[in-house]
Structures are given as C-alpha cells and as structure tokens.
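In our numbering, the protein residues as written are 17 to 319.
Everything below concerns the one structure shown next.
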Amino acid sequence: MGNGSSESRSNSREDGDNEYMEGSSGETGRRYFGFVKEGGISFDEMDAISEISQRTSLQNHDVSERGEDQTEESYELWRQEPKIGAVKLEEHFLRASCVLEELIEEELDRYRAKYTQPIDLTRLEDVAKFLMPDSAPPFQLASVGWLGDWRPTAMLALLMGLACSSASFSDPAGIERTVSELTREARIEEAIIDGELTEIQATCILNLPFAFIGTGNGLHGAASSCVQAELQKIKRVITKAQQLRFKTLETVVRKVPNPSDAAEFLMAFERIEGALHQYAAHHELKRGGVTFSVKRLGILDSA
17 MGNGSSESRS NSREDGDNEY MEGSSGETGR RYFGFVKEGG ISFDEMDAIS
67 EISQRTSLQN HDVSERGEDQ TEESYELWRQ EPKIGAVKLE EHFLRASCVL
117 EELIEEELDR YRAKYTQPID LTRLEDVAKF LMPDSAPPFQ LASVGWLGDW
167 RPTAMLALLM GLACSSASFS DPAGIERTVS ELTREARIEE AIIDGELTEI
217 QATCILNLPF AFIGTGNGLH GAASSCVQAE LQKIKRVITK AQQLRFKTLE
267 TVVRKVPNPS DAAEFLMAFE RIEGALHQYA AHHELKRGGV TFSVKRLGIL
317 DSA
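Quick look at the structure:
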C-alpha cells in the first residue's frame, strides 16, 4: 500500500511535469505572468520585469523627447516674441527720431534764413528801421531787443527758465550746465559787439560833419564818404549780431542731448516770441502810440 501510494504520487508529479513542459514548449505554450516570447518560448519573472521596464522606458523616453521638443519650441517662440516686438519698437523709434530731426532741421533752416539774409544799409534811415523795426512794438524791443532782435543771452535765459519749470524736459540738470556755459560765451561776444557799436556811435556824434552835408560848400563829397564808411561799420556789427543770434540758437539745439528737448525748446521759443509780440502790441494799443518830432539837420528828414 505504501509503495503503491508513492508510485502514484511520483507518476502524478511526472505527468504534471510533462504537462507543464509540454504546455510550456508548445506553440502557444503556458503563459508565465501573462507573457510569451516569440516562438512560444516562456521566460521567468525577471525577464518579464526587464521587458516591461524596457518598454516603459522607451515609451517614456519617446514621450519625454516629444515633450522636450515641444517645450523647446514653445520657449524659442516665447523668446522670439519679445525680440520681434523690440525690433518693431526700435524701427518705430528710429523713424520717429528721423522725423523729429528733420523737423528740427527745417526749423533751424527757417531761423538761418532769417538771421543770414543780406542787410542793406545805405542811408541813416535804414539803420533806424533795422534797429527799431515797425513790426516790433517798443515794449517788445525793451524786453528782449538787442540790435533789432533777440539778445542771445535772453534766448538762453528762456531755455534755462523752461528747464527749471517744465516737466517735459528729460535732463534739466544737463540743460542747465549747457546753458550756463553758453551764456558765459555769449556775454563775452555781446560785450565785444556792444563795444564796437559804441565806438561807431561816438565817431558819428563827435566827428562826422552832418551840418555841412548838402550845404554846397564843397564838403558834401568828403562827408558823404565818411558817412558811408560808418554805415558799413554798422552793417558789419549788425551782421555779427545776427550771426551770434543764430549761432546761439543752433548751438543750444545741437548741444542739448535729447532731440525731444531741442524740439521742445524751439516750439517754446516760437510760442513765447509770438505771445510777447501780441502782448506788446496790445499794450501799445492801450497806452497809445508815442509821437515825437525830429529837427531837420541839413538834408536829413528824419532819424
């Protein structure tokens, strides 16, 4: 009985093993952990884990690569957007700067034409009309006038006042330094021109024989030549004054660091010039004109 039972268990185990091996060696084979290699060859638990790990790793790698590519592409696009915007802003700024500089040059050309036009002084009346033009009321001349137009240091004082009071200027401290330097230079040149004109006036008053001009005593030719010589001196002095006016205006515009500040000054200068003229004209109308008589001297009708 005991031997029979042992044999029976042994045969059953062998049959089971044979079934196990047959099942595992068949084309379909017994599935170990649900996996079968090609040809029906089975693999153990470690093979299954390794295969799963490899496949998962490959899938994750593919997904990771795609994700990295998309992230990189998005980042590049994100980086390019500010660059494109910056380029557009720079182009717009350059165009605006060019337009602003052109407008400044046009305004300077207008003042250049005004201050460099030829001066015709052939008679004493011409000098009086230039120094005290009919278009400028006396109040205007008394305020900023100097040899028929703006005193250069008055232009600079205007710019200094604007820089101190207006919030539209970008660099008030820089403008103040520039204006202070230009004011010192302009005062020296103004003093030189004033000295030359004073000398001419003294010569005209003390030395020229106006009483003998046109009296028929033979001194007409010599006296006329002296007068013409002094008129030419006056013309040179006034020309210097005109040149100094434009030089001051142009230097301010060139030396101001920011073109927008230069444009602001030119606009303010033109506005104040117009406002001052209107106020002076209105003031003249309210108080009435000033009349005076001029005594005739020789052939002189007026002065």
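Every residue, glycine too, gets a C-beta built ideally from N, C-alpha and C.
Taking C-beta separations shorter than 7 Å and ignoring five residues to either side along the sequence, the partners of residue 261 in its chain run 131, 165, 166, 168, following chain order. By the beta-carbon neighbour count (other beta carbons within 10 angstroms, threshold 16), residue 156 is buried. Taken through DSSP and simplified to helix, strand or coil, residue 164 comes out as coil. The stretch 136 to 156 makes contact with the stretch 242 to 257: 3 or more CB pairs, one atom from each, lie closer than 8 Å. Between the stretch 262 to 269 and the stretch 206 to 214, the count of Cβ pairs shorter than 8 Å is below three; the stretches do not touch. Straight through space, the alpha carbons of residue 291 and residue 163 are spaced by roughly 20 Å. When the five nearest sequence neighbours on each side are left out, the beta carbons in the same chain lying within less than 6 Å of the beta carbon of residue 202 are those of 168, 169, 264, in order along the chain. Cα atoms of residue 121 and residue 146: separation of roughly 27 Å, rounded to the nearest angstrom.
Boundaries of the alpha helix (DSSP H) around residue 194: 188 to 222. Counting only the Cα atoms, residue 172 lies some 17 Å from residue 275.
Residue 262 carries a helical assignment under DSSP once its states are collapsed to helix, strand and coil. C-alpha of residue 126 to C-alpha of residue 110: approximately 24 Å in a straight line.
Fewer than three beta-carbon pairs drawn from the stretch 238 to 247 and the stretch 177 to 185 are found closer than 8 Å, and the two stretches are therefore not classed as touching. Sixteen is the threshold: when 16 or more other Cβ atoms of the shown chains lie within 10 Å of the Cβ of residue 194, as they do, the residue is buried.
Within the model, the alpha-carbon separation for residue 294 versus residue 285 is close to 14 Å. Each residue's CA atom was taken as its position, placing residue 219 and residue 240 some 14 Å apart. Across the structure, residue 115 and residue 141 are spaced so that their CA atoms are roughly 44 Å apart. Its chain contains 157 as the residues whose beta carbon lies nearer than 7 Å to that of residue 148, once the 5 sequence neighbours on both sides are disregarded; these appear in chain order. One thing to note: residue 277 has its Cβ no nearer than 8 Å to the Cβ of residue 150.
In the DSSP assignment, residue 148 falls outside any alpha helix (DSSP H) and carries neither an H nor an E. Within the same chain, Cβ atoms closer than 8 Å to the Cβ of residue 119 are found at 279, the five residues on either side in sequence being excluded.
Nearest C-alpha to residue 258 among 283, 161, 200: 161. Nearest C-alpha to residue 281 among 192, 105, 153, 159: 192. Secondary structure at residue 255: helix, using DSSP grouped into helix, strand and coil.
Residue 273 counts as exposed, since fewer than 16 other beta carbons sit within 10 angstroms of its beta carbon.
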